[in-house]
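In this note's numbering, the protein residues as written are 111 to 303.
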Amino acid sequence: MKRFRFIPDNLDLPFMRWRRLAFICSLGLIALSLAVFFLRGLNYGIDFRGGILIEVKIPASANISAMRDSLATLGLGEVALQEFGAPDDILIRVERQEGGEKAQLEAVSALKSRLGEDFGSNLDYRRTEFVGPKVGSELISAGIKAVVSALLAMMVYIWFRFEWQFSLGAVAALLHDVVLTIGMFSFTGLEFN
């Protein structure tokens, strides 16, 4: 009885025959990603632009979508909610309000009063933070330094462990993936945090 095989023993895939097409497609995608990034930029989230972060414990597990709809009517811009640990622990992120510290405090007050209307006064506000744009620029700088350091460390490791040609290939593949990912974030407009 012959055994069933997903991949036959005599399978021969000529990968190198298609290398020129793969290089052209890859370079085209990199160029497109860089063009979209430089023309449109990224949709930076609260971590980079600044904003308000509130962690609140509510009496029972919440319907996140209903809660989001309720808070969206306040006109504070983009409001992001997520469960934080337990289903009754909610993390609320709101974009930075124009008008300085007074506008931030008014936004927090509006959020807390709306949550009080929706869930009663039995809420436990665990933290309320204001993230400034200076923190965001420091985050960008630290992130770039971390990525460059990681790429260099991988290149040095592969260089000593194997051969330097392999390290260049591995770093080129990583750069390719990072550039395409950033291009996809820029093209789709997804929030970048």
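Heads up, the beta-carbon is just placed ideally off N, CA and C, and yes, glycines get one too.
Expressed to the nearest angstrom, what Euclidean distance is found between the alpha-carbon atoms of residue i and residue j?
i       : j       : result
Arg-150 : Gly-209 : 26 Å
Leu-184 : Gly-161 : 15 Å
Leu-285 : Leu-221 : 41 Å
Val-166 : Val-266 : 45 Å
Gly-230 : Ile-200 : 15 Å
Val-241 : Val-204 : 10 Å
Leu-290 : Leu-139 : 7 Å
Phe-272 : Leu-278 : 11 Å
Ala-196 : Leu-131 : 49 Å
Ala-141 : Ile-168 : 48 Å
Thr-238 : Trp-274 : 49 Å
Asp-198 : Leu-262 : 43 Å
Gly-226 : Glu-248 : 35 Å
Note the first and the last residue of the continuous alpha helix (DSSP H) segment covering residue i.
i       : result
Leu-201 : Where Leu-201 is concerned, there is no enclosing alpha helix (DSSP H), although the beta strand (DSSP E) it sits in stretches over 196-205.
Leu-278 : 274-298
Phe-229 : 210-229
Ile-174 : 174-182
So who's on the other strand from residue i, going by DSSP bridges?
i       : result
Glu-165 : Leu-201, Arg-237
Glu-301 : Asn-153
Ala-145 : Ala-145 is not bridged to any residue.
Glu-193 : Ile-200
For residue i, which residues in the same chain have their Cβ closer than 8 Å to its Cβ, ignoring the five residues on either side in sequence?
i       : result
Ala-283 : none
Ser-180 : Arg-224, Asp-228
Phe-295 : Leu-152, Asn-153, Phe-302
Excluding the five sequence neighbours on either side, which residues of its own chain have a C-beta within less than 7 Å of the C-beta of residue i, listed in chain order?
i       : result
Ile-250 : Phe-158
Ile-268 : Phe-276, Ser-277, Ala-280
Ala-217 : Ile-162, Leu-186, Val-204, Gln-207
Phe-297 : Val-146
Gln-71  : Here the chain comprises residues numbered 111 to 303, so residue 71 is not present and cannot be evaluated.
Gly-299 : Asn-153
Using the rule of at least 16 other Cβ atoms within 10 Å of the residue's Cβ for burial, across every protein chain shown, is residue i buried or exposed?
i       : result
Met-177 : buried
Glu-211 : exposed
Ile-134 : exposed
Ile-202 : buried
Ile-174 : exposed
Ile-117 : exposed
Gly-293 : buried
Tell me whether residue i counts as near the ligand NAP, meaning its Cβ is closer than 7 Å to at least one heavy atom of that ligand.
i       : result
Gln-192 : As presented, the structure is devoid of all ligands, the ligand NAP included, so that no description of it is given.
With a CB to CB cut of under 6 Å and the five nearest residues on each side skipped, what residues in its chain are close to residue i?
i       : result
Lys-255 : none
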